[in-house]
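Trainee: The structure is given below, and queries will be raised subsequently.
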DNA sequence: AAACAGTGCGCG
DNA sequence: AAAGCGCGCACTGTTT
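Numbering (the numbering used here), first residue to last: -8 to 455.
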């Protein structure tokens, strides 16, 4: 596959975007080097202690006996051999090359105290080597200057490197805090992150124009993720809490949009019940609730055989069918016709003026235009925002970008002006420039205290 | 020593 | 009929 700017506007977007990102790179981010060094020492000490403990375990005994001096805790190949050949655990999943998988999911399924501590240690090692040490390596005079590339990604999204600013930990609270404490606002400034609320969903709606989806977007009282959580777990609206909604969103809705299918969705939704200890808002354990609804088991999840009525798998299969054939049938029609047209011609054009041509799978054909255009929304806003800041002689510095969000270092006294300006650019001006954006765009903002660390960011209200 | 494939894991 | 999309980085184990 290759993608190319096809219109004058798209080429200009890339050229202006390139210049804007060069400014962002040059601005850079302030780093607390002293903290970083201390955090590295502390983390390495922790890892050392954990390793000492682990070495006492029977698994490590077998490991040492098998590999002798070559024993290496970082070798997944060795670990697989020990657990699944020597210790007699049964491997459930395998890599491309046929070796047993040893990722978090595969190990999490084993009941042995060793694997639990082992996974904890691995997490700390990831934090230390990729993030703490990786960050420190790139510091110059107390700042890092991550690259933002526009020429590397299939869909004409961006990527970031040296260091990668687009994958800093945040989902794991402890790990996020450990790393993000190293990022400092400049004196008298706050770090402010503004992101497009559900931007991919909104951009997708500009392609398929599904009326049900558009009303979910336009009507703030409606909530697609909550509704799907209700349907997947057979709940009433009042029974859906934060965690259950999260599962509806990340284990059904988004995977479905990206082209996943009911077998994987059923598996993760089912496993989440135990792993996340899901309970309805009125206090019924979710598994018990499903039993009351007549569902006692997950099902075989065997693609070659029909799902059995009464299983969770079967239920999710029906939810999936309803999702695409009833709820979002226009979206579904678009997926079909968009792909059919690609099959006939071998190419398609995105709303932002890029042509994608060459061999693509169905899911790629459906996802690329949305992913690319959603980022182009961000890129256009970024260039425009920079121009506006300059015009107004503001001191705010844009210091990063994460696919659907813009990170800036804002003097406290410019906070209100910046937030209002960002809203004007990202929600209003962009729709003048691109009339194909037929749904409202919304943004959300988070900010650190003055001179604070990025770990301390909290949601802030954008003034009207 | 450098390059490469494979694996795993962080993010949107 | 097929069966989530896009990245970068660290590390192992092998090849050049």
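We treat Cβ as the ideally placed atom computed from N, Cα and C, and that holds for glycine. What you are looking at is a predicted structure, and each value in this text was computed from that prediction instead of being measured.
1. From which residue to which residue does the alpha helix (DSSP H) around residue 140 run?
2. Where residue 104 and residue 50 are concerned, what is the direct C-alpha to C-alpha distance, given to the nearest angstrom?
3. Do you know how far the Cα of residue 58 is from the Cα of residue 354?
4. How is the alpha helix (DSSP H) around residue 50 delimited, first residue to last?
5. Could you pull out every unbroken alpha helix (DSSP H) segment of at least 4 residues lying fully inside the segment 186 to 238, listed in chain order?
6. To test your reading of the DSSP string, which unbroken beta strand (DSSP E) runs of 3 or more residues are found completely within the segment 93 to 139?
7. Tell me whether the segment 356 to 370 and the segment 208 to 227 touch, counting them as touching only if at least three CB pairs, one residue from each stretch, are closer than 8 Å.
8. Locate the beta strand (DSSP E) running through residue -7, then write down its first and last residues.
9. Would you give the residue range spanned by the beta strand (DSSP E) that residue 21 belongs to?
10. Which residue comes first and which comes last in the beta strand (DSSP E) that contains residue 246?
11. Going by DSSP in three states, residue 255 sits in which element: helix, strand or coil?
12. Where do the ends of the beta strand (DSSP E) carrying residue 400 lie?
13. Please return the same chain residues whose Cβ sits closer than 6 Å to the Cβ of residue 232, not counting the five positions on each side in sequence.
14. My assumption, with CB atoms under 8 Å, is that residue 176 sits in contact with residue 442. Please give the rounded CB distance.
15. Between which two residues does the beta strand (DSSP E) containing residue 157 stretch?
16. Please report how far the alpha carbon of residue 219 lies from the alpha carbon of residue 300, in whole angstroms.
17. Return yes when the Cβ of residue 112 is within less than 8 Å of the Cβ of residue 169, no when it is not.
18. Are the beta-carbon atoms belonging to residue 400 and residue 180 less than 8 Å from one another?
19. Enumerate in chain order the residues of its own chain whose CB-to-CB distance from residue 243 is below 7 Å, with the five nearest sequence positions on each side excluded.
20. Between the Cα of residue 302 and the Cα atoms of 281, 318, 314, which residue gives the shortest distance?
21. Considering only their Cβ atoms, is the gap separating residue 417 from residue 432 smaller than 8 Å?
22. Let's see if you can read the secondary structure: which residues bound the beta strand (DSSP E) around residue 438?
23. Are the Cβ atoms of residue 343 and residue 363 separated by less than 8 Å?
24. Following the continuous alpha helix (DSSP H) through residue 330, name the residue where it begins and the one where it ends.
25. Taking the C-alpha atoms as reference points, what is the distance between residue 263 and residue 283?
26. Going straight from the alpha carbon of residue 72 to that of residue 79, what length do you get?
27. Leaving aside the five residues before and after residue 206 along the sequence, list all residues of the same chain whose C-beta is less than 8 Å from its C-beta, in chain order.
28. Just verifying my parser: in three-state terms, what is the DSSP assignment at residue 449?
29. Looking at C-beta atoms only, is the number of pairs between the segment 407 to 425 and the segment 362 to 380 that lie closer than 8 Å three or more?
30. Check whether the Cβ atoms of residue 133 and residue 258 sit closer than 8 Å, and answer yes or no.
31. In whole angstroms, what separates the C-alpha of residue 397 from that of residue 455?
32. According to the Cβ coordinates, are residue 143 and residue 27 closer than 8 Å?
33. Please say whether residue 318 and residue 203 have beta carbons closer to each other than 8 Å?
34. For residue 147, I'd like the list of residues in its chain whose CB is within less than 6 Å of its CB, leaving aside the five on either flank, ordered along the chain.
35. Would you mind giving the Cβ-Cβ distance between residue 456 and residue 230, rounded to the nearest angstrom? I have them listed as a contact below 8 Å.
Mentor: Let me spell this out:
1. Element bounds for residue 140: not the alpha helix (DSSP H) but the beta strand (DSSP E), 138 to 140.
2. Distance between the alpha carbons of residue 104 and residue 50: 10 Å.
3. 43 Å
4. 49 to 58
5. 190 to 199, 202 to 209, 215 to 224
6. none
7. no
8. -7 to -4
9. 20 to 22
10. No beta strand (DSSP E) contains residue 246, which is instead part of the alpha helix (DSSP H) from 245 to 248.
11. In the displayed model, residue 255 falls within a helix according to three-state DSSP.
12. 396 to 402
13. 272
14. 5 Å
15. Residue 157 -> no beta strand (DSSP E), and no H or E assigned at all.
16. 20 Å
17. no
18. yes
19. 219, 223, 256, 260
20. 281
21. Contact flag set, yes.
22. 434 to 438
23. yes
24. 320 to 336
25. 18 Å
26. 10 Å
27. 213
28. strand
29. yes
30. no
31. Pairing residue 397 with residue 455, the inter-Cα distance amounts to about 19 Å.
32. no
33. yes
34. -6, 345, 363
35. Beyond the ends of the chain as shown, which are -8 and 455, falls residue 456; an answer cannot be given.
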